[in-house]
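Chemist:
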Amino acid sequence: MLQEMPHEGYQTLLYIFNAISRLQYWSAPLKQAKIIIIQKPGKNPTDVASYRPISLLPILSKILGKLLLKRIYRDTNLQEWVPSHQFGFRKAHSTIQQCHRITDIINKAFEEHKYCSAVFLDVSQAFDKVWHQGLLYKIKQTLPARYLNILQSYLSERYFSV
Numbered sequence: 003m004l005q006e007m008p009h010e011g012y013q014t015l016l017y018i019f020n021a022i023s024r025l026q027y028w029s030a031p032l033k034q035a036k037i038i039i040i041q042k043p044g045k046n047p048t049d050v051a052s053y054r055p056i057s058l059l060p061i062l063s064k065i066l067g068k069l070l071l072k073r074i075y076r077d078t079n080l081q082e083w084v085p086s087h088q089f090g091f092r093k094a095h096s097t098i099q100q101c102h103r104i105t106d107i108i109n110k111a112f113e114e115h116k117y118c119s120a121v122f123l124d125v126s127q128a129f130d131k132v133w134h135q136g137l138l139y140k141i142k143q144t145l146p147a148r149y150l151n152i153l154q155s156y157l158s159e160r161y162f163s164v
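Just so you know, we're using the numbering used here here: the sequence shown kicks off at 3 and counts up by one.
1) Classify Trp-133: buried if its beta carbon has 16 or more other beta carbons within 10 angstroms, exposed otherwise.
2) According to DSSP, simplified to helix, strand and coil, what is Gln-34?
3) Under the three-state reduction of DSSP, which class applies to Phe-112: helix, strand or coil?
4) Helix, strand or coil, according to DSSP, for Leu-59 in the structure here?
5) Spatial neighbours of Cys-1 within its chain, please: CB distance less than 6 Å, with the 5 preceding and 5 following residues excluded, ordered by chain position.
6) For a quick check, are the C-beta atoms of Ile-37 and Ser-163 less than 8 Å apart?
7) State buried or exposed for Trp-17, treating a residue as buried only when at least 16 other CB atoms are found within 10 Å of its CB.
8) In whole angstroms, what is the alpha-carbon distance linking Ala-30 and Leu-70?
9) Among Asn-151, Asn-46, Tyr-53, which residue has its Cα nearest to the Cα of Ile-22?
10) Would you mind working out which of Tyr-75, Gly-44, His-95, Leu-62 sits nearest Gly-11, comparing C-alpha positions?
11) For Ile-40, list the residues DSSP reports as bridge partners.
12) Following the continuous beta strand (DSSP E) through Phe-162, name the residue where it begins and the one where it ends.
13) Would Leu-123 be called buried (16 or more neighbouring beta carbons within 10 Å of its own) or exposed?
14) Excluding sequence positions up to five away, which residues of its chain have a Cβ less than 6 Å from the Cβ of Lys-142?
15) Looking at the unbroken alpha helix (DSSP H) that takes in Leu-145, where does it start and where does it end?
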């Protein structure tokens, strides 16, 4: 639908996105998630744990998020404060590359007759359980000040419907 939009529609969206950025306020309709429930394959349909909730945000919110991320990348040097071994949410960093990196570390330790230890941690529903005040504190320390208010607005007063 967005690809078929007339030029005037794009101009209106640009105006809205620029206003959100300028006012540093993420409007409530863009934070309203729709939760759909999908049954896990081969699981008992009468058991609540057999279902996986999927949160769907409005397309315009996702586009705005990507535009904001591009601005953050442009205005900061993320490479300075994101560890090189962190692959999440980074361009040209895939799960396969992380597997190759770990395999290489193990092989080097094996060749040098050294021990190689690893700890793998999978935090269930990590994004849903992030401590927002702590995250905003880190953002305040790391990113330019103009991003704190809009990200604070993005994280506050979120709603969902099932």
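Note that CB positions come from ideal geometry on N, CA and C, so glycine has one too.
Since the model is a prediction, treat every value here as computed from it, not as a measurement.
Modeler: This is what the structure gives:
1) Trp-133 should be labelled exposed.
2) In this structure, Gln-34 counts as strand in the three-state DSSP scheme.
3) helix
4) Judged by DSSP in its simplified three-state form, Leu-59 adopts coil rather than helix or strand.
5) In this structure the chain extends from 3 to 164, so residue 1 is not present and cannot be described.
6) Yes. Within cutoff.
7) Reading off the sequence, residue 17 comes out as Tyr, not Trp. Per the 10 Å Cβ criterion, exposed.
8) Roughly 17 Å separates the two Cα atoms.
9) For Ile-22, the nearest C-alpha among the options comes from Asn-151.
10) Leu-62
11) DSSP lists Arg-54 as partners of Ile-40.
12) 161-163
13) exposed
14) Leu-150
15) Premise fails: Leu-145 is in no alpha helix (DSSP H) and is neither H nor E.
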